[in-house]
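Here the sequence shown stands for residues 0 to 466, numbered as in numbering that gives the first Met the number 0.
Structure, as structure tokens:
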Amino acid sequence: MIKHPRSVTFSSPLSRRVRSLKTMSTTSILSAYLLEQKTRFLRDNGGNWKVVMGNEAGDLDSLASSIGFAWLLSHIPTSDTKAIALITTPREDFVLRAENLYALQLAGIKEDLQEILCPEDLPKPNLCTNFALVDHNSRHPSYAVPGALVTAIIDHHEDEGKYFDTASPRIIEPSGSCASLVTRVIMSYPTPSIPPELAVLLLSAIVIDTHGLRKGGKAVGVDYEASAWLLSRANVSSSEYFVEQTVEAPQHVADNPWIQSLSDTLGAKKIALSHLNTRDLLRRDYKEYELNLSSSICGNSPYSIRAGLATVPLPLASFFSPSPTSAVVATQGWLKERNLSVLGVLTTYKSSQGKSKRELMWVVDENVCGPRLPQVLFDGFEASEVLRIKRASFKRYGFDSHVGMDGNEGVQVERGRIDEEESVDEQAGEREASPFGVGLVARVYKQKNSAATRKQVAPVLKRVLEG
């Protein structure tokens, strides 16, 4: 049985509007709902609407969780809540995430994505002051308008300790996917009901975030139970035997042929990156943080910086290919474009033996607080027992470590391929020159804990620099 957190205060069944929407036969139920909500929202200029939004990285988990929770809020019969999902990705940037486009296609969303509310669709100014956060629990500064409140949170990241007095429900707990927690809230109703397209969308998010619900991986109990429930409502081509089996024993959902096929397809879409340039790779899965530096770094005067973390599903060898110089210039440009003092590039990929691998590259502007900022950052991360990183050298990526220039422009590693080099670098010298030029100090690391993602890196970054 699923144990529901006490902070879930909903107690009513889903609205009869769900059943009435099911009479639509020529179009996706979900597509029709999203378009209707968007039209009404824009007509009202956002006034008296609850805006449900995921994190700025815009991954499939954030997208599906936003839409799923907004659907639920819109179908509570005892409430007159008007809710809409704001997808934080600009419409033109959806091309950066082929896995998102594929999942939306499965859910019946039209190719032009006009049903979806994107940031550029928001009226300026607008009357949006009521926000629900999914897949993160600290509102982005862009939406911190006067009088705005965070009135609900569903998340699986580290709790930042905010909005206790305004957010209900306030659900922050470990799970492989935030979409699983959203699904559990939907399941808490006496007679829960969602359209099959939404079930497929939520299921896609869970599958990609848990790597196919692989046993021994990121998936936990709520992920298996939510997936089994969604599978039985997704109207997918799967034998009744498998559906019944997963309802009785949710842990077997990973053995379902349709789930396995979906996982393989989404995984392949996620690493199909050959059409993306370096700037695209940095921004496709990116989060930004405002950090208040500790007095040990910049003295007693308060000083805040902006730090960015970009997750890149490629080895650094591919990130710097085919021209290390071009990749450096693009990275320098991203630092300037986003006004960053610290940039972390978190790579994730599989070796030729199928083993999960991770690397970490830091680029730090020492013009901010002198050499103290990069030194505190490097020392803090090298001491982290969570990540277990080991210093590497830029030489293996085509750089001359002494002068910071390209050592071999002929290095050719096709973008999207895995790194075949499995040998461990010797410990890089303390005085290795940064290939990013004067004032930008950089280091690269092998990360021994391949299970640690940005969810673990971001809290370490905050603790190291803020104290």
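Glycine residues also receive a C-beta, built at the ideal position from the N, C-alpha and C atoms.
State the DSSP-derived secondary structure class of residue i, mapped to helix, strand or coil.
| i | result |
| --- | --- |
| T310 | strand |
| T324 | helix |
| C297 | helix |
| G406 | Reliability fails at G406, whose pLDDT of 37 lies under 50, so the model's placement of it is uncertain and no value is given. |
| P118 | helix |
| A131 | strand |
| E159 | coil |
| I472 | Residue 472 falls outside the range modelled here, since the chain spans only 0 to 466, and no answer is possible. |
| S273 | coil |
| S303 | strand |
| D279 | helix |
| R387 | coil |
| D164 | coil |
| D92 | helix |
| F318 | helix |
| F435 | coil |
| S11 | Note that S11 scores 31 on pLDDT, short of 50, meaning its location in the model is unreliable; the coordinates nonetheless yield the value given after this. S11: coil per DSSP, three-state reduction. |
| K214 | coil |
| Q331 | helix |
| P145 | coil |
What residue range is occupied by the uninterrupted alpha helix (DSSP H) comprising residue i?
| i | result |
| --- | --- |
| Y32 | 28-42 |
| K268 | 256-269 |
| S61 | 59-73 |
| E224 | 220-230 |
| I171 | Taken as a continuous stretch (DSSP letters only), I171 belongs to no alpha helix (DSSP H), being part of the beta strand (DSSP E) at 169-171. |
| D154 | No alpha helix (DSSP H) holds D154; the beta strand (DSSP E) holding it covers 148-154. |
| I185 | 177-186 |
| R371 | 371-381 |
| E55 | That residue, E55, is in no alpha helix (DSSP H); it is neither H nor E in DSSP. |
| Y101 | 97-105 |
Tell me the residue span of the beta strand (DSSP E) that contains residue i.
| i | result |
| --- | --- |
| Q455 | Run containing Q455: none in the beta strand (DSSP E); it sits in the alpha helix (DSSP H), 453-465. |
| Q446 | 439-446 |
| A82 | 81-85 |
| L345 | 341-349 |
| Y285 | 285-291 |
| E358 | 355-364 |
| V51 | 48-52 |
Quick test of your reading: residue i and residue j, contact by CB under 8 angstroms. State the CB separation rounded to the nearest angstrom.
| i | j | result |
| --- | --- | --- |
| G67 | T87 | About 15 angstroms separates the two Cβ atoms, so there is no contact after all. |
| G438 | E365 | 6 angstroms |
| I153 | C177 | 6 angstroms |
| A106 | L212 | About 19 angstroms separates the two Cβ atoms, so there is no contact after all. |
| R305 | L339 | 5 angstroms |
| R442 | F398 | Contact doesn't hold; Cβ gap of about 13 angstroms is too wide. |
| A84 | L116 | 7 angstroms |
| E119 | R90 | 7 angstroms |
| Y490 | P256 | Residue 490 lies beyond the residue range present for the chain, which begins at 0 and ends at 466; the question has no answer from this structure. |
| Y101 | K268 | 5 angstroms |
| V328 | P373 | Going by Cβ atoms, the distance from V328 to P373 rounds to 21 angstroms, so no, they are not a contact pair. |
Considering only their Cβ atoms, is the gap separating residue j from residue i smaller than 8 angstroms?
| i | j | result |
| --- | --- | --- |
| E358 | L386 | no |
| V206 | L230 | no |
| L342 | F318 | no |
| T347 | P312 | yes |
| K49 | T80 | yes |
| A82 | S73 | yes |
| A166 | V149 | yes |
| N125 | N44 | yes |
| A309 | V344 | yes |
| K214 | D208 | no |
| L29 | L272 | no |
| S303 | L464 | no |
| L112 | S203 | no |
| S192 | A225 | no |
| T330 | F435 | yes |
| I471 | L71 | Nothing can be reported for residue 471: it is not among the residues displayed for the chain, which extend from 0 to 466. |
| V221 | S174 | yes |
| V375 | I296 | yes |
| L275 | L95 | yes |
Under 8 angstroms, Cβ to Cβ, is there at least one residue of chain C near residue i?
| i | result |
| --- | --- |
| P89 | Of the protein chains in the structure, only one exists, and it is not chain C. |
Point to revise | contact_flag[the stretch 261-270, the stretch 282-293] where n(CB pairs < 8 angstroms) is 3 or more | key: no
Practice item. Kindly confirm or deny that the stretch 350-369 and the stretch 444-456 touch, where touching means at least three C-beta pairs closer than 8 angstroms. Key: yes
Review point. If you pair each beta-carbon of the stretch 44-61 with each one of the stretch 133-147, do three or more pairs fall below 8 angstroms?
Key: yes
Review point. If you pair each beta-carbon of the stretch 136-148 with each one of the stretch 30-43, do three or more pairs fall below 8 angstroms?
Key: no
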